[in-house]
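A.B. asks: So for the sequence shown, the numbering used here puts the first residue at 263; every next one is plus one. All residues carry an ideal CB built from backbone N, CA and C; glycine is no exception. What you are looking at is a predicted structure, and each value in this text was computed from that prediction instead of being measured.
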Amino acid sequence: MPRSGTSIPNLSWNWKPLRKSVDITDTKDEDKVRIHRSNSQKRHICPLDEISADSYQTICLGNMSTSALRNPFYNTITTSQTQHWLRLEEAILELFERSGPVLLRAGTLIGIHEHVRHLLDSNIGSFVYDRYNSHMLKKGMTILRERLNSMPNIIDGLCDIWTQFYSNILPNLDSILFRVKAKCGLTVRQTTLIAFRDEVIFETSFEDKLKDLVNEKKAIPMDIKHMLLVLQSIYECYPPSKNKIHIELLTALTISPYMGYKGLYLEHDISSVAVPSREPHLNAKRKSIDLLSRSLSRPLTMQPKQLETLNELFASAIRKIN
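This is the structure we're talking about:
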């Protein structure tokens, strides 16, 4: 029994305000989550709703300097975003400008990751890969190409540049842009290798110098063989592009025997295919498709109907060699 002068507290009266307060808090939290999800979906699904076509051209193809962005067309891009773009571009181009081992100073990579994070989380995050592919990579490959053209010996110079690119530049680009999602089924690493193939290998006199080495029956450096084997392994589309088939021919000129998209090459002879593949003929009858539904590392289609074609090609190649 309670002592005299005391009263039993009204628990129902004390409980109702508490439950009401919790309900209000939960409602506010749900509203915040709902608004956040709505904004996130709008930013990721329809990025063009928040940014103009002119701004897209400036971000991906044009000049990101502050003076260029003062145009009222580009008012959707904040000064902070511009600074993040500039810092990221400076860090990437610095990798191409250096020669020798690339060692980032302590804390540098963390700062670069912050710039990348701010850009990806903004309304222009969808364009980070586009600008890297169409603008930053072209500048970087131009630096490498001009350096190669200034060297007296193209073959030896390309060996040095490839070693620098593959051992130092490419790993650092991977570590900087690991959060960036590429497009068309490719990775940032594959996109960078394709740019090296198209902007450095095919835009210099490397092919002529390589043919001279083969005709003179001189030894081909191992770095050149490694470079061609790496580049020929990248498929950006299917059926293979002209540049993909072109790099396969250069590989067949260097490596023997070599089996590519068109068949088996022997004796460093690219004028004809020793064992032709039926794959080009079959692809001519089918509609061109991309690589999103098939493996990037396989030189031939692996659909059930084409397994027989692949087996026949390998069997013919073995008989030809033996």
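Classify residue 427 as buried or exposed, calling it buried when 16 or more other Cβ atoms lie within 10 Å of its own Cβ.
C.D. replies: Residue 427 sits at position 165 when you count from the first residue of the sequence shown. The residue in question, residue 427, is buried, as its Cβ has 16 or more Cβ neighbours within 10 Å.
A.B. asks: Give a yes or no on whether the C-beta atoms belonging to residue 206 and residue 493 are separated by under 9 angstroms.
C.D. replies: Any answer about residue 206 is impossible in this case: the structure gives the chain only from 263 up to 584.
A.B. asks: Between the region 356 to 373 and the region 427 to 436, can you find at least three pairs of beta-carbon atoms closer than 8 angstroms?
C.D. replies: Touching, yes.
A.B. asks: Using the C-alpha atoms, what's the distance from residue 503 back to residue 481?
C.D. replies: The sequence position of residue 481 within the sequence shown is 219, counting from 1. The sequence position of residue 503 within the sequence shown is 241, counting from 1. Approximately 29 angstroms between the Cα atoms of the pair.
A.B. asks: Alpha carbons only, please: which of 366, 374, 404, 519 is nearest the one belonging to residue 441?
C.D. replies: Counting from 1 along the sequence shown, the entry for residue 441 is found at position 179. Checked all of 366, 374, 404, 519; the closest Cα to residue 441 is 374.
A.B. asks: Just curious, the beta strand (DSSP E) that residue 526 is in, first and last residue?
C.D. replies: Position 264 of the sequence shown, counting from 1, holds the residue named residue 526. Where residue 526 is concerned, the enclosing beta strand (DSSP E) stretches over 525 to 527.
A.B. asks: Buried or exposed, going by whether 16 or more other CB atoms sit within 10 Å of the CB of residue 459?
C.D. replies: Indexing the sequence shown from 1 puts residue 459 at position 197. Label assigned to residue 459: buried.
A.B. asks: Classify residue 368: buried if its beta carbon has 16 or more other beta carbons within 10 angstroms, exposed otherwise.
C.D. replies: What you label residue 368 is simply residue 106 of the sequence shown in a count that begins at 1. Its Cβ having fewer than 16 others within 10 Å, residue 368 is exposed.
A.B. asks: Go ahead and pull the three-state DSSP assignment for residue 363.
C.D. replies: Residue 363 sits at position 101 when you count from the first residue of the sequence shown. Residue state, collapsed to three classes: coil.
A.B. asks: Put residue 538 into one of helix, strand or coil per three-state DSSP.
C.D. replies: Here the question's residue 538 lines up with position 276 in the sequence shown. Reduced to three states, the DSSP call for residue 538 is strand.
A.B. asks: Could you give the DSSP three-state label for residue 497: helix, strand or coil?
C.D. replies: By one-based count along the sequence shown, residue 497 stands at place 235. Reduced to three states, the DSSP call for residue 497 is coil.
A.B. asks: Check residue 484 in the structure and name its three-state DSSP category.
C.D. replies: Residue numbering aside, residue 484 sits at position 222 when the sequence shown is read from its first letter. Of the three classes helix, strand and coil, the one that applies to residue 484 here is helix, per DSSP.
A.B. asks: Report the option in 525, 547, 531 whose CA atom is closest to the CA atom of residue 577.
C.D. replies: Position 315 of the sequence shown holds residue 577. Considering only alpha carbons, the answer is 525.
A.B. asks: Assuming residue 396 and residue 343 form a contact by the criterion Cβ under 8 angstroms, report the distance between their Cβ atoms to the nearest whole angstrom.
C.D. replies: Residue numbering aside, residue 396 sits at position 134 when the sequence shown is read from its first letter. Residue numbering aside, residue 343 sits at position 81 when the sequence shown is read from its first letter. So it is not a contact: roughly 18 angstroms between Cβ atoms.
A.B. asks: Measure the CB-CB distance between residue 450 and residue 391 and report whether it falls below 9 angstroms.
C.D. replies: Translated into the one-based positions of the sequence shown, residue 450 becomes position 188. Translated into the one-based positions of the sequence shown, residue 391 becomes position 129. Yes. Within cutoff.
A.B. asks: Helix or strand or just coil, what does DSSP make of residue 413?
C.D. replies: Translated into positions along the sequence shown, residue 413 becomes position 151. When DSSP states are grouped into helix, strand and coil, residue 413 belongs to the coil group.
A.B. asks: Measure how close the beta-carbons of residue 410 and residue 423 come, nearest whole angstrom, since I'm counting them as under 8 angstroms.
C.D. replies: For the purposes of this step, residue 410 is taken as residue 148 along the sequence shown, with counting starting at 1. For the purposes of this step, residue 423 is taken as residue 161 along the sequence shown, with counting starting at 1. About 6 angstroms; that satisfies the 8 angstroms criterion.
A.B. asks: If distances are taken between C-alpha atoms only, which option among 361, 509, 444 comes closest to residue 465?
C.D. replies: Against the sequence shown, residue 465 aligns to sequence position 203. Nearest of 361, 509, 444 to residue 465, Cα basis: 509.
A.B. asks: Which same chain residues, not among the five before or five after residue 349, have their C-beta less than 6 angstroms away from its C-beta?
C.D. replies: Along the sequence shown, one-based indexing puts residue 349 at 87. For residue 349, where only same-chain residues beyond five positions count, the Cβ hits under 6 angstroms are 377.
A.B. asks: Can you name, in chain order, every residue of its own chain whose Cβ lies under 6 angstroms from the Cβ of residue 439, other than the five neighbours on each side?
C.D. replies: To locate residue 439, count along the sequence shown from 1; it is residue 177. Closer than 6 angstroms at the Cβ level, and outside the excluded window around residue 439, lie 450.
A.B. asks: Could you tell me which of 472, 389, 545, 405 sits nearest to residue 489, measuring between CA atoms?
C.D. replies: As a working mapping, residue 489 is identified with position 227 in the sequence shown. Here the closest residue by C-alpha is 472.
A.B. asks: Taking just the CA atoms, how far does residue 487 sit from residue 454?
C.D. replies: For this step, residue 454 is matched to residue 192 along the sequence shown. For this step, residue 487 is matched to residue 225 along the sequence shown. Cα to Cα, residue 454 sits roughly 19 angstroms from residue 487.
A.B. asks: Strictly by DSSP, which residues pair up with residue 520?
C.D. replies: Taking the sequence shown and counting its residues from 1, one reaches residue 520 at position 258. Answer by DSSP bridge pairing, in chain order: 527.
A.B. asks: What residue range is occupied by the uninterrupted alpha helix (DSSP H) comprising residue 460?
C.D. replies: Locating residue 460 in the sequence shown gives position 198, counting from the first residue. First-last for residue 460: undefined, no H or E at that position.
A.B. asks: Could you check whether residue 528 and residue 518 sit closer than 9 angstroms to each other, using their CB atoms as the reference points?
C.D. replies: Position 256 of the sequence shown holds residue 518. Position 266 of the sequence shown holds residue 528. Yes, these two residues count as a Cβ contact at 9 angstroms.
A.B. asks: Quick one, are the C-beta atoms of residue 468 and residue 420 less than 9 angstroms apart?
C.D. replies: Against the sequence shown, residue 468 aligns to sequence position 206. Against the sequence shown, residue 420 aligns to sequence position 158. In this structure, residue 420 lies closer than 9 angstroms to residue 468 by Cβ.
A.B. asks: Please identify the residue among 365, 351, 364 whose C-alpha is closest to the C-alpha of residue 398.
C.D. replies: Indexing the sequence shown from 1 puts residue 398 at position 136. Of 365, 351, 364, the residue nearest in Cα terms is 351.
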